[in-house]
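Shown next, in structure tokens, is the structure this report addresses.
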Amino acid sequence: MNITHKKILITGGAGFIGSNLCEYFLSHENKVICLDNFATGHHHNIKPFLTNPNFKLIEGDIRNLETCRNAVEGVDFVLHQAALGSVPRSLIDPLTTNEVNVSGFLNMLIASSDAQVKRFIYAASSSTYGDSVELPKVEDFIGKPLSPYAITKYVNELYASIFNSAYGLETIGLRYFNVFGKNQDPNGAYAAVIPKFVMQFINHESPVINGDGMFSRDFTYINNVVQMNEKALLTTNPEAINTIYNTAFGDRTTLLDLINYIKEFLTKFDPAIANVEVLHGPNRAGDISHSWASIDKAKKLLEYNPKYSLQEGLSEAISWYWENLKK
Ligand code: NAD
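Under numbering that gives the first Met the number 0, the sequence shown has 280 at position 281, and the numbering climbs by one with no breaks.
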């Protein structure tokens, strides 16, 4: 079953995850509104949709309540992705991260609740597990936050829960685990590891791994994340609503293995990449050593069934990066 013929607001729709959600829901005959201030998103991510009569772009900031109110008018569902990502960014500028991720989030909740939006699905984060060393991560057991970013994402969960109990807004939080795929920005100081490494290999530059490379992550292909968002919209099970879910593949891979996969896949396009050396740098502040999700809750309550393993996702993503980054 798919979501069709609905009006969906996607905040952060010009960003990596948001633009993939826009593409998917447009392809299933929904009307999609994208609210974005292009702080980290890009016009090129949404360019293909600009001529689609079912797509509307609102260039605006979630820190402005009136902008949020305008954006939610007549909307069935909200998929709230807009935020300032990145643990290091939040350590350098906690104030702006808080304004966007907490005050902006609160604006979106108020606007959605007042407009009687049917359901508010939002991007939560695996960073909420903080210093917990338990593996795999299970939704109910979190540790102490390790960064301002992690605090903001946990505060989102707390606010969402209150907006359900106090105002009856249906909410579902999706704790994303290291998402990757097309449209993920490889540039800038806060780029995620996969697009950054891919771009460096393509340019025959040595990627630098933080630490010994034995850190592990549950790398999650974007198509699995899109599926989770749709499952969260589709569910009619009251037990499945007003809660949070790990959104991941449910496996873990070390940074060292990841970089070897990337190198191997890219060598098919350019054999010289086999000779690019990998370097090691210092560990990074605010990083957790291991991250691996239990996805049992989402499987049970949402019938989530991730189709793409890391290798399957990487194979698709790297073909896309090769076409788009080598220019
Ligand atoms: P992204 O930076 O590509 O997308 C975020 C989008 O939000 C951008 O288009 C940006 O311009 C927009 N935005 C930022 N501030 C805004 C504001 N004040 N008003 C309106 N729009 C604003 O990041 P992403 O990777 O696509 O992340 C999407 C969401 O998922 C974020 O909430 C992020 O915290 C969360 N998340 C992502 C990951 C991941 O692995 N990518 C992991 C955990 C959580």
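Just so it is clear, CB atoms sit at the ideal spot from N, CA and C, and this is done for glycine as well.
Note that the structure is a prediction, hence the values are computed from the model and not measured.
In or out: residue i buried (at least 16 other Cβ within 10 Å) or exposed?
| i | result |
| --- | --- |
| Pro-121 | Looking at the sequence itself, residue 121 is Tyr, so the reference to Pro does not match. That one is buried. |
| Ile-91 | exposed |
| Glu-156 | buried |
| Pro-144 | buried |
| Glu-72 | exposed |
| Phe-37 | exposed |
| Gly-249 | buried |
| Gln-115 | exposed |
| Pro-194 | buried |
| Tyr-166 | exposed |
| Ser-288 | exposed |
| Glu-65 | exposed |
| Gln-310 | exposed |
| Arg-283 | exposed |
| Asp-130 | exposed |
| Val-132 | exposed |
| Lys-299 | exposed |
| Met-107 | buried |
| Asp-35 | buried |
| Ser-26 | exposed |
| Pro-237 | exposed |
Which residues does DSSP pair with residue i in a beta bridge?
| i | result |
| --- | --- |
| His-79 | Thr-10 and Tyr-121 |
| Asn-209 | Gly-280 |
| Ile-141 | For Ile-141, which the question treats as bridged, DSSP gives no partner whatsoever. |
| Cys-33 | Ile-9 and Leu-56 |
| Thr-219 | Val-178 |
| Lys-136 | Ala-292 |
Classify residue i as helix, strand or coil using the three-state DSSP reduction.
| i | result |
| --- | --- |
| Ile-2 | coil |
| Val-116 | coil |
| Tyr-175 | strand |
| Lys-181 | coil |
| Ala-231 | helix |
| Gly-340 | Nothing about residue 340 can be reported from this structure: the residues present for the chain run from 0 to 326 only. |
| Glu-22 | helix |
| Phe-200 | helix |
| Asn-186 | coil |
| Ala-110 | helix |
| Gly-129 | coil |
| Phe-214 | coil |
| Glu-28 | coil |
Under 8 angstroms Cβ to Cβ from residue i, same chain only, skipping five residues before and after it: list those, please.
| i | result |
| --- | --- |
| Ser-205 | Gln-199, Val-275, Glu-276, Val-277 and Leu-278 |
| Ser-124 | Tyr-148, Ala-149, Lys-152, Arg-174 and Tyr-175 |
| Ile-201 | Leu-265, Asp-269, Ile-272, Tyr-320, Trp-321, Leu-324 and Lys-325 |
| Ile-258 | Phe-196, Pro-206, Ile-208, Gly-212 and Val-277 |
| Lys-230 | Ala-297, Leu-301, Glu-302 and Tyr-303 |
Below 6 angstroms CB to CB, which residues in the same chain sit around residue i once its five sequence neighbours on both sides are set aside?
| i | result |
| --- | --- |
| Ser-349 | Absent from the model: residue 349. The displayed extent of the chain is 0 to 326, so no value can be given. |
| Asn-163 | Thr-170 and Asn-241 |
| Asn-209 | Gly-280, Asn-282 and Arg-283 |
| Leu-232 | Ile-2 and Phe-76 |
| Ser-112 | Phe-162, Tyr-166 and Leu-168 |
Beta-carbon within less than 7 angstroms of residue i's beta-carbon, same chain only, minus the 5 sequence neighbours each way: which residues are those?
| i | result |
| --- | --- |
| Thr-253 | Gly-212, Met-213, Phe-214 and Ser-215 |
| Val-225 | Asn-19, Leu-20 and Tyr-23 |
| Pro-135 | Trp-291, Ala-292 and Ser-293 |
| Val-101 | Thr-151 and Val-154 |
| Glu-28 | Thr-3 and His-4 |
With hydrogens ignored, establish whether the beta-carbon of residue i is closer than 8 angstroms to any heavy atom of the ligand PLP.
| i | result |
| --- | --- |
| Asn-222 | As far as ligands go, the structure on display features the ligand NAD and does not contain the ligand PLP. |
**Prompt:** What are the complete alpha helix (DSSP H) segments, minimum 4 residues, inside the segment 233 to 316?
**Reply:** 254 to 266 and 295 to 301
**Request:** Output the residue ranges of the alpha helix (DSSP H) runs that lie fully inside the segment 41 to 98 and measure 4 residues or longer, sorted by chain position.
**Result:** 42 to 45, 64 to 71, 86 to 91 and 93 to 97
**Message:** Suppose only complete runs of 4+ residues qualify. What are the alpha helix (DSSP H) ranges in the segment 145 to 174, listed by chain order?
**Reply:** 147 to 166
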